[in-house]
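Notes follow the structure.
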Amino acid sequence: MQGTLPQSKQSSEIDSKIHEKPQRNKYDIRLEYDGKNHIKAEMALTYVNNSSAPMKELYFHLYPNIFRDKKHLPFFSWDLHLVFPDGISTGGIDILEARQDGEPVEWTTLNGDEALKLTLKKPVDPGKNSKIQLKFALTIPRANYRFGYMMFGKDRITLSLGNWYPLLAIYDGGKWSLDKHPAFGDPTYSDISDYTVRFTVPQDFTVAASGALQGKSAKDGKTIYTYSMEKIRDFAAALSNNYETAEDFVDGIKIISYFHPEDKKGGFMALDIVKHALSVYNDSFGKYPYPELRLAEANFYAGGMEFPTFIMMNTAKYKEPYLSSTSFERSTAHEVAHQWWYALVGNDQINEPWVDEGLTEFSALYYFEKRYGQAGRESYFERQVDANMSLIKGSKRKMQDPVRLFKNNREYFAIVYVKGALFYEDLKNTIGEEKMLDFLRSYFDTYKYKNVSFNEFIEFLKQKHYPGIDDGFFKKWF
Ligand SMILES: [Zn+2]
Numbered sequence: 003m004q005g006t007l008p009q010s011k012q013s014s015e016i017d018s019k020i021h022e023k024p025q026r027n028k029y030d031i032r033l034e035y036d037g038k039n040h041i042k043a044e045m046a047l048t049y050v051n052n053s054s055a056p057m058k059e060l061y062f063h064l065y066p067n068i069f070r071d072k073k074h075l076p077f078f079s080w081d082l083h084l085v086f087p088d089g090i091s092t093g094g095i096d097i098l099e100a101r102q103d104g105e106p107v108e109w110t111t112l113n114g115d116e117a118l119k120l121t122l123k124k125p126v127d128p129g130k131n132s133k134i135q136l137k138f139a140l141t142i143p144r145a146n147y148r149f150g151y152m153m154f155g156k157d158r159i160t161l162s163l164g165n166w167y168p169l170l171a172i173y174d175g176g177k178w179s180l181d182k183h184p185a186f187g188d189p190t191y192s193d194i195s196d197y198t199v200r201f202t203v204p205q206d207f208t209v210a211a212s213g214a215l216q217g218k219s220a221k222d223g224k225t226i227y228t229y230s231m232e233k234i235r236d237f238a239a240a241l242s243n244n245y246e247t248a249e250d251f252v253d254g255i256k257i258i259s260y261f262h263p264e265d266k267k268g269g270f271m272a273l274d275i276v277k278h279a280l281s282v283y284n285d286s287f288g289k290y291p292y293p294e295l296r297l298a299e300a301n302f303y304a305g306g307m308e309f310p311t312f313i314m315m316n317t318a319k320y321k322e323p324y325l326s327s328t329s330f331e332r333s334t335a336h337e338v339a340h341q342w343w344y345a346l347v348g349n350d351q352i353n354e355p356w357v358d359e360g361l362t363e364f365s366a367l368y369y370f371e372k373r374y375g376q377a378g379r380e381s382y383f384e385r386q387v388d389a390n391m392s393l394i395k396g397s398k399r400k401m402q403d404p405v406r407l408f409k410n411n412r413e414y415f416a417i418v419y420v421k422g423a424l425f426y427e428d429l430k431n432t433i434g435e436e437k438m439l440d441f442l443r444s445y446f447d448t449y450k451y452k453n454v455s456f457n458e459f460i461e462f463l464k465q466k467h468y469p470g471i472d473d474g475f476f477k478k479w480f
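Going by the working numbering, the letters in the sequence shown line up with residues 3 to 480, in that order.
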């Protein structure tokens, strides 16, 4: 699909594909939001068995159930006040019904309710597909988190809707990847799919979501928003009765910034940063292939959070002093870079988080250098590298370690992000900027819409036979 296609052409292309055999999983979700903390939803998944084995069972992640009760919370005790500034709040996802091609199927939850197992009546053979229907209800916790709502004033509410629906787990090498949600870091590992999500919300609510907005209509005092997109690996949204928006275009891509009216300055700044970052990355890594990108002020204590064609940015980042430092700009440029590294070139974010985070952080540094020259580069080094150097030197962790081995968020950030960016700096300085960009474009072309492992990345780099990228180089970093 071409990123610059107008919406009408896109939908007619989607229509003409209805009768073709599906190539990948397709999620069709309809949900109704009550304006506070409850959602009812129906999901129809066209499951395509792209493995070589007949599939008798399917496994899904039920991420909202980390909030099921106090003992399920994955967070460290010292982070609880950040996740729950208004006191601990619980929530979760309840599966109400499961069907295969209209017939009820047996289901059960496991992994502390963080996973759902469906036992299929009709196994799905390799290359075949089957329609799975799930009905579910969400209770959203009052949490400053990717899945959580926060109140702003007496009746203003903003809801972060990330990791919220049953997401089919990855099946690879004969097994399902069902890692539990970590205390920090990102939880997902998923395949490219097609999505259509229809939101019915109280009429004063605005929905910002992944994909392209296909339609907005009013019915019975409610507003219906339909978003859809082909070839994305996850779908998230932010809902609020406190949003204003600003739009711009770059390289034919529509950018929309959603913000609380009291944070207008940050909302426009976000739009400007996204515009410049998209332009730098389009020129450097290869073109962003979708027609739209949204960034929404929402709730997530850790800062920004990337989703395909959608970014959540924590409301605190829109306040001084973040705006006057490079904090807001670094986070925004970082999340935009994730559209290339994670959203398009996918990886296992729990077991090999460096694969996307290291390159994404390097991309943020590259943005500062391209936009502001030497001064931008220096400000990045002062703020990120110098401030983290003692942590980097004092840590026993390797960059490619899984999230669970890191002591805390600070060590994780220093090693996986900052040291990760320094690896790419060293690579760039060794082979030269021109070859570096050739390498990144070739990596992007080879792995976009796929998942890549750490070992595949290393092999891919080795096969380029760049002078100076030898065993000594790899030994120094890994
Ligand atoms: Zn990141």
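We put the CB at the ideal spot given by N, CA and C, even for glycine.
Predicted model, so just to flag it, every value in this text is computed and none were measured.
- If you check the C-beta of E413 against ligand 1, you find no heavy atom less than 6 Å away.
- Within the model, the alpha-carbon separation for G37 versus F237 is close to 20 Å.
- In the displayed model, I433 falls within a helix according to three-state DSSP.
- Closer than 6 Å to some heavy atom of ligand 1: that describes the Cβ of E359.
- In the DSSP annotation of this structure, the continuous segment of the beta strand (DSSP E) that includes T160 starts and ends at R158 to L163.
- Between V347 and L280, the beta carbon gap of about 16 Å keeps them out of contact (Cβ cut-off 8 Å).
- Your pair W343 and Q402 does not check out as a contact, with CB atoms roughly 15 Å apart and the cut at 8 Å.
- DSSP links L241 through a beta bridge to L161 and V209.
- Looking at the DSSP output, Q102 sits in a beta bridge with E105 and I134.
- For R32, same chain residues with a beta-carbon under 7 Å away, outside a window of 5 residues either side, are A43, E44 and R200 in chain order.
- A distance criterion of 6 Å places the beta-carbon of T311 beyond contact range of ligand 1, judged by its closest non-hydrogen atom.
- Of all alpha-carbon atoms in A240, T190, D193 and P323, the one lying nearest the alpha-carbon of F312 is that of A240.
- Inter-residue distance for A100 and N39 is about 23 Å (C-alpha atoms, whole angstroms).
- Of the other Cβ atoms in all chains shown, fewer than 16 fall within 10 Å of the Cβ of G434; this residue is therefore exposed.
- It is roughly 10 Å from the alpha-carbon of N411 to the alpha-carbon of D81.
- Here V420 really is in contact with N390; their C-beta atoms are around 5 Å apart, less than 8 Å.
- Secondary structure note for K464: it is in no beta strand (DSSP E), and the uninterrupted alpha helix (DSSP H) holding it is F456 to K464.
- Residue burial annotation: T448 is exposed, with fewer than 16 other C-beta atoms found within 10 angstroms of its C-beta.
- Under DSSP, the beta-bridge partners assigned to F62 are L118 and L170.
- At a Cβ-Cβ threshold of 7 Å, L367 and A423 count as neighbours.
- Distances from the alpha-carbon of L429 to those of F186, S327, K466 and F446 put K466 closest.
- At least one heavy atom of ligand 1 is found less than 6 Å from the C-beta of T362.
- For the beta strand (DSSP E) assignment, the uninterrupted runs of no fewer than 3 residues enclosed by the region 22-67 are, from N- to C-terminal side, 28-35, 40-50 and 57-63.
- Comparing alpha carbon positions, the residue from E458, E354 and K395 closest to Y191 is E354.
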